[in-house]
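Peer 1: Read in order, the letters of the sequence shown are residues 9 to 122 in this note's numbering.
Yeah, the Cβ is synthetic: ideal placement off N, Cα and C, and Gly gets one too.
Encoded as structure tokens, here's the structure I'll be asking about.
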Amino acid sequence: MGTRLYVGNLPYSVDSDGLRELFMQHGDVVSAEVIADRDTGRSKGFGFVEMGNEDAAKAAIAALNGKDHQGRVLTVNEARPREERSSGGRGGGYGGGRGGDRGDRGRGDRGGRR
């Protein structure tokens, strides 16, 4: 088990300092970062915390996963390696906007043949 944790379903009011404070109760926190939207700077509602050791990481998961924090039920688990997350992103990106574009063009063509 690694010491880097994923923290999901964070209240949008929580910043990186607040995230650090939440996890400090369970051991040494090496780093804490709430992920923000590049354009707006607004929290995306998730972040990452690196704990000082595996015991602290396990303690934080046990104490915080599924617990209410400011009205939101937190998801806390071991962060997956970057390569796994990026491949999942490619799969999730497939179709979405492109599929809609194709459908719009198709309807426009049919409308023109009447």
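For Arg-50, which residues in the same chain have their Cβ closer than 8 angstroms to its Cβ, ignoring the five residues on either side in sequence?
Peer 2: Closer than 8 angstroms at Cβ, skipping near neighbours: Tyr-20, Ala-44.
Peer 1: Count the other CB atoms within 10 Å of the CB of Thr-48; is the residue buried (16 or more) or exposed (fewer)?
Peer 2: Counting Cβ neighbours within 10 Å, Thr-48 comes out exposed, since fewer than 16 surround it.
Peer 1: For the beta strand (DSSP E) that Leu-13 lies in, which residues bound it at each end?
Peer 2: Its beta strand (DSSP E) spans residues 12-16.
Peer 1: Across which residues does DSSP place Phe-56 in a beta bridge pair?
Peer 2: Answer is Tyr-14, Glu-41, bridged to Phe-56.
Peer 1: When DSSP labels each residue in this structure, what does Arg-46 get in the three-state scheme?
Peer 2: In the structure shown, Arg-46 sits in coil (DSSP, three-state: anything other than H, G, I, E or B).
Peer 1: Quick one: any contact between the region 35-43 and the region 76-92, if contact means 3 or more CB pairs under 8 angstroms?
Peer 2: As far as the Cβ criterion goes, the region 35-43 does not touch the region 76-92, which means the pair count is below three.
Peer 1: Express the C-alpha separation of Lys-52 and Ala-65 in angstroms, rounding to a whole number.
Peer 2: Their Cα atoms are separated by approximately 22 angstroms.
Peer 1: Sorted by chain position, which residues of the same chain lie with C-beta nearer than 8 angstroms to Asp-36's C-beta, five sequence neighbours on each side aside?
Peer 2: So the qualifying residues of the chain are Met-59, Gly-60, Asn-61, Ala-64.
Peer 1: Which residue's Cα is closest to the Cα of Asn-17: Glu-86, Glu-29, Pro-89, Asn-73?
Peer 2: Residue Asn-73 is the option with its Cα nearest to Asn-17.
Peer 1: Roughly how many angstroms separate the alpha carbons of Arg-28 and Arg-46, rounded to a whole number?
Peer 2: Arg-28 and Arg-46: Cα-Cα distance of roughly 21 angstroms.
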